[in-house]
Structures are given as structure tokens and as C-alpha cells.
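I have placed the structure first, in the form of C-alpha cells, so that the comments after it can refer back to it.
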Amino acid sequence: MNIKLLQSENLPDAAALARFSQAVVVVPDSGTTHWQQLPHGKLLQQRMQNSHAAKQQHKLLTVLPDASATHVSLGQCKATASTFECLSLARKLVQPLLDEQPGELGLLVAGFKPAQAEAFAEALIAAVLAATADLPNFKSRQAKQTALKKLHLFGVKTRHGFKQTFATAAGNNLARSLSMLPPNKLTPTEYLQTVRKLAGKHQWKLEFYGVPELKKRKAGAYLAVVQGSPKADAGIVRLRYTPKGGKAKSKQAPVVLVGKGLCYDSGGTNLKTARSMFGMQEDMQGSAVALGTFLALTELKVNYPVEAWLALAMNHIGPNAYKPNDVITAADGTTIEVVHTDAEGRMVLADTLYFASSEKPRLIVDYATLTGSCVQAIGSNYCGAFSNRDDWHQSLIEAGRASGERVWPFPMDADYEKEIESKIADIKQCSPEGGVDHILAARFLQRFVKHNTPWLHIDLSSMNRKGGLAHIPTDSICQGVRFTLNLLQEQKLV
Numbered sequence: 070m071n072i073k074l075l076q077s078e079n080l081p082d083a084a085a086l087a088r089f090s091q092a093v094v095v096v097p098d099s100g101t102t103h104w105q106q107l108p109h110g111k112l113l114q115q116r117m118q119n120s121h122a123a124k125q126q127h128k129l130l131t132v133l134p135d136a137s138a139t140h141v142s143l144g145q146c147k148a149t150a151s152t153f154e155c156l157s158l159a160r161k162l163v164q165p166l167l168d169e170q171p172g173e174l175g176l177l178v179a180g181f182k183p184a185q186a187e188a189f190a191e192a193l194i195a196a197v198l199a200a201t202a203d204l205p206n207f208k209s210r211q212a213k214q215t216a217l218k219k220l221h222l223f224g225v226k227t228r229h230g231f232k233q234t235f236a237t238a239a240g241n242n243l244a245r246s247l248s249m250l251p252p253n254k255l256t257p258t259e260y261l262q263t264v265r266k267l268a269g270k271h272q273w274k275l276e277f278y279g280v281p282e283l284k285k286r287k288a289g290a291y292l293a294v295v296q297g298s299p300k301a302d303a304g305i306v307r308l309r310y311t312p313k314g315g316k317a318k319s320k321q322a323p324v325v326l327v328g329k330g331l332c333y334d335s336g337g338t339n340l341k342t343a344r345s346m347f348g349m350q351e352d353m354q355g356s357a358v359a360l361g362t363f364l365a366l367t368e369l370k371v372n373y374p375v376e377a378w379l380a381l382a383m384n385h386i387g388p389n390a391y392k393p394n395d396v397i398t399a400a401d402g403t404t405i406e407v408v409h410t411d412a413e414g415r416m417v418l419a420d421t422l423y424f425a426s427s428e429k430p431r432l433i434v435d436y437a438t439l440t441g442s443c444v445q446a447i448g449s450n451y452c453g454a455f456s457n458r459d460d461w462h463q464s465l466i467e468a469g470r471a472s473g474e475r476v477w478p479f480p481m482d483a484d485y486e487k488e489i490e491s492k493i494a495d496i497k498q499c500s501p502e503g504g505v506d507h508i509l510a511a512r513f514l515q516r517f518v519k520h521n522t523p524w525l526h527i528d529l530s531s532m533n534r535k536g537g538l539a540h541i542p543t544d545s546i547c548q549g550v551r552f553t554l555n556l557l558q559e560q561k562l563v
């Protein structure tokens, strides 16, 4: 990302603000002293008070009477606003100005205490970086775009330079760009090629376990899903980041990120309806979030080893496709009775989690667009969280609140597993009755996490939301990068 950030703890005067053709201003929703601090503050206050719509929505788009006719996007926010509320307001404030394609953008934060001001500034920067991402576009005629090159932040100056915000944005932008690719542009073959390029650029070690290797490893759950594919290009990508430097903990057990990478999901033999199948190129968002998080941690040069395991596949319909009532054997020897071929994500993740946990990592976090029942349970505002550590629940909630990528933990007690008991195999893939399938899927996956490895499963129920969510302006959200970095860097879960 080639956007340079310049910081100043002082607010500009009217002459300095006139250098910008576009500027975003955030102030408290109460009090008056901040108006006195702002250039053209009295005028902005009058225009905010005189507009009924602005007072209702706490935002105003106006033009200043200066040499540049500076377009100002003004927002008012409570000092106690949550991170999600800050990010959501930031998205609404920056988008109208970015539509004008400025080369530079001013960001002014006034009237808040230092910690609050930094939080609002971070939200604005995150929103700008999300909105300026270079995302796939296959239109034959494309308008020329002026790239944003500089952000000038006034009212806040930090030593860290919002490095984590930039790293997180790089990870999320990568995830979204992958998930938006059409399924004929991102097959497992092309996905692997993209990851190889990234691995070369960032000096990651890459291994690929293709179909022949998975057969040697007896990964029957994974192979069942991909046996209907006309091309045997499915497989598991394993990436490794090893820290360097004097404070590096390179011999420490790694943090492992696992992602479901179904580049397209037809539903298989239990074929999806047309409405349900449309958009299923995004069924690889779990792997994209895992890869984006892996990139962000690399950009931050964390002092502990990290791995990413990406389960790449397609769920095809065809004469060789697996079918209900099949009994297959997973890599760990567990026999599975197939109930529904559209529950393919838990099948590829089962073997992937087994392989990833076999080497006793410090932590496993897996991401998957796994179940519709999670969306039914909490909607697309939150993601579902499941763990084999009940004492993590409060930390998970706090990481969601602090990052603005909210999650909610679900129970997964042992008695739920009665619903997937099988008369012919060790376990059913899912329940024929549906119901709490998000919980049953988590119980199923937990069986394949070995050595009591600390494990967190994120069901990406907020993978797609019309109009965006928090600071993300696109329908494709790819939530998880900010959440995970907060969990590892701030909450210090392990």
C-alpha cells in the first residue's frame, strides 16, 4: 500500500486547511470548545445546527469558503463510542470524499481526550485504506483513477505510526481481492500460483500437499469432497513464517491459522438452488482471512513463528462425486457417515486440522464460511466463535469489541454430539435435521484437533453484507484479520 501518512498533534489553521480539496473532520457530539479549535469552526457549527438531516445523522457534507473550496465531511460522535461505531461512522465520512479521487486527504480529530482521539484517528485511517483497496474489476471500460498518495492527520501524533492498522488493512485487502475473483479466475490451481508469488515476495516457506500426497496420508475426508472434480488440483497449502532478530522466539511452537478454501461450492450431489449457489466463489473466504492474517503478522514482523494451512478445493457435481450414505475414513482413522454433500467444508477442514494439530502448535485458529445456521442464529453483524477453552469466552468478546470485528461465543457441550451419532460409523458428518448445525459442525471439527491443542473456530457468518460492515465498504467483508491481531497482540491469548 503506497499511501504515506503524515501526523501533526496540532490542528491546522484556515490557511493550512485550504491546501486540501477534501478533508474529514470528527468532533464530539456535545460541548462547544472543539468548534473554537477548528478552522472555520463557527461556520461548521452553524451549518451542522441548521441542517435537520445533519443533526439526525450526526454527519454533514459541506464546502468551505476558501481558495480550494475544500469539501468537508464532518461527523459527530460520542466520546464513549465503541470501535464498531467509530469504524462505521468513518466509512460513511470518508467515502463521499474518496469518490472525488483526491491525491491527498486531510483528517482532523478535535475535542477528544488523547486515547479517544487516537481511536477515532485509527478508525478513519482504517476506513480510508479499506476504501482505496485495489480490488478485481473485469469491466471492459474502466474510468481512470487518481490514486490517493498522502494522508495528513491533524490532532493526533503517535510513535507507532498506526503500523498495525496498515498491516491489518493489507491483510484484509488481500482477502477481499481473492474472495471477489470469479470462480473461473481463482481455481485451486490459480490460487496456489498466487500464494507461491506471495511466498516468494515475503520469504515464506511453502509446501503443497496435492491429491497424490493426500492419498498417501489417507486423508479420506478431504479426498471424498474433491473426488468429483474434473481436475485433480485440490490440496493443502502450508506456509511458514519464521521470525528473525535478537528477540525472535523462532523455536517456540507456532501459532497456526487454518482456512477453508472452497473456490466454488455447487453443493455437490445435494445440489444447491440457483439462489443459494450464486456467490459461492466466496466460500473460500476462510482461507483468504487466514492468508490475510498471516500476511499482516508477517508485515508486523512478530517475534514468534506462524503457519497458515489453506484447504483448497472445489465441490463439484458429477458421476464421481461423493454422496449421502457414503462412509469414509479420515486421516486420523475416524469413520464418517456422509449425510449431506453440501457440508463439505467440515470434511476438508477435518483432515487439515488433524495434520496441523499433529505437530502440537501453540494455538490453532480456523476460519470458515461453514454454516447457514450461524447466520440464522446471529445474522451477518457478528461472526460465531467456538473453542475448546471455555475460559476464553470473555477474551473473545473483548477482542471483537476492541477490534470492531465482533464475535459471539457459542456453547459446544458434549451432549450436542448425540445429534450426530451414527449407527454405522464413528460419527455423522452432520444431522439430517439441521437445527443447531453451527454447533454440531464445531463439535465435529473438535474431534480432529489432537493433543488438546488450544483451538478457536470462527464461523464467518458476516462474510457478505450488502453495503458493507464497520469500515469495510464492499459487500464482501472478510472479517477476521483485525479480530485475530487484537486477540494475539492486545489480548495475548497465548
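Residue numbers (the numbering used here): 70 to 563. Heads up, the beta-carbon is just placed ideally off N, CA and C, and yes, glycines get one too.
Point to revise | Integer-rounded CB distance, given that A446 should sit under 8 Å from C499 | key: At roughly 16 Å, the Cβ-Cβ gap does not stay under 8 Å, so C499 and A446 are not in contact.
Check your understanding: Touching or not, the stretch 370–389 and the stretch 331–339, by the rule of three or more beta carbon pairs under 8 Å?
Key -> yes
Review point. Any idea what DSSP makes of T131, helix, strand or coil?
Key: strand
Practice item. Could you please give the first and the last residue of the uninterrupted beta strand (DSSP E) stretch that includes A382? Key: V375 to N384
Point to revise | Start and end residues, beta strand (DSSP E) containing V94 | key: Q91 to P97
Review point. What residues match up with L308 in a beta bridge as DSSP calls it?
Key: L275 and A377
Check your understanding: What number of angstroms, rounded off, separates the C-alpha of S77 from the C-alpha of S442?
Key -> 48 Å
Review point. So what does DSSP say about L86, is it helix, strand or coil?
Key: helix
Review point. Which value, in whole angstroms, describes the spacing of the CA atoms of K73 and A202?
Key: 14 Å
Review point. Can at least three beta-carbon pairs, one atom from the stretch 427–438 and one from the stretch 510–526, be found at a separation below 8 Å?
Key: yes
Review point. Taking contact to mean at least 3 C-beta pairs separated by less than 8 Å, is the stretch 178–194 in contact with the stretch 144–156?
Key: yes
Point to revise | A159 beta carbon less than 8 Å from that of F181 | key: no
Check your understanding: Could you give the uninterrupted runs of the beta strand (DSSP E) lying entirely in the stretch 467–529, keeping only those of 3 residues or more?
Key -> 476–478 and 524–528
Check your understanding: Cβ atoms of R307 and E376: under 8 Å apart, would you say?
Key -> yes
Check your understanding: Buried or exposed: T139, going by 16 or more other Cβ atoms within 10 Å of its Cβ?
Key -> buried
**Study point:** Distance CB(C452)-CB(Q560) smaller than 8 Å
**Key:** no
Practice item. Could you round the C-beta distance between I433 and V325 to whole angstroms and report it? I think they count as a contact, below 8 Å. Key: 5 Å
**Study point:** Residues near A510 by beta carbon distance below 6 Å, same chain, minus five either side
**Key:** R415, L439 and T440
**Study point:** Integer Cβ distance of L176 from H221, believed to fall under 8 Å
**Key:** 7 Å
Check your understanding: Do A200 and V225 have their CB atoms nearer than 8 Å?
Key -> no
Review point. Looking at C-alpha atoms only, which residue of Y423, T258 and L156 is the closest neighbour of A195?
Key: L156
Exercise for review: May I have the straight-line CA-CA distance separating R534 from E351, to the nearest angstrom?
Suggested key: 12 Å
**Study point:** Length at least 3, wholly inside the stretch 386–415: the beta strand (DSSP E) runs in chain order
**Key:** 396–398 and 404–406
Exercise for review: Following the continuous alpha helix (DSSP H) through I194, name the residue where it begins and the one where it ends.
Suggested key: P183 to A200
Review point. Under 8 Å between the Cβ atoms of F50 and H507?
Key: The requested residue 50 is not part of the displayed model; the chain covers only 70 to 563.
Exercise for review: Would you identify the three-state DSSP class for D459, choosing helix, strand or coil?
Suggested key: helix
**Study point:** Q145 - partner residues in DSSP beta bridges
**Key:** V96
Practice item. Decide if the stretch 211–218 is in contact with the stretch 101–116; the criterion is three or more beta carbon pairs, one per stretch, under 8 Å apart. Key: no
**Study point:** Per DSSP, the bridge partner or partners of N533
**Key:** S545
Check your understanding: With 16 as the cutoff for other CB atoms within 10 Å, does T234 come out buried or exposed?
Key -> buried
Check your understanding: Under three-state DSSP, which class holds F223?
Key -> strand
Point to revise | A41 (DSSP reduced to helix, strand or coil) | key: There is simply no residue 41 to check, as the chain begins at 70 and stops at 563 in what is shown.
Review point. Whose C-beta lies closer than 8 Å to the C-beta of S246 among residues of the same chain, with five residues either side of it excluded?
Key: A202, D203, L204 and P205
Check your understanding: Three or more C-beta pairs closer than 8 Å, one from the stretch 249–265 and one from the stretch 294–312: is that the case here?
Key -> yes
Exercise for review: Express the C-alpha separation of T362 and L554 in angstroms, rounding to a whole number.
Suggested key: 7 Å
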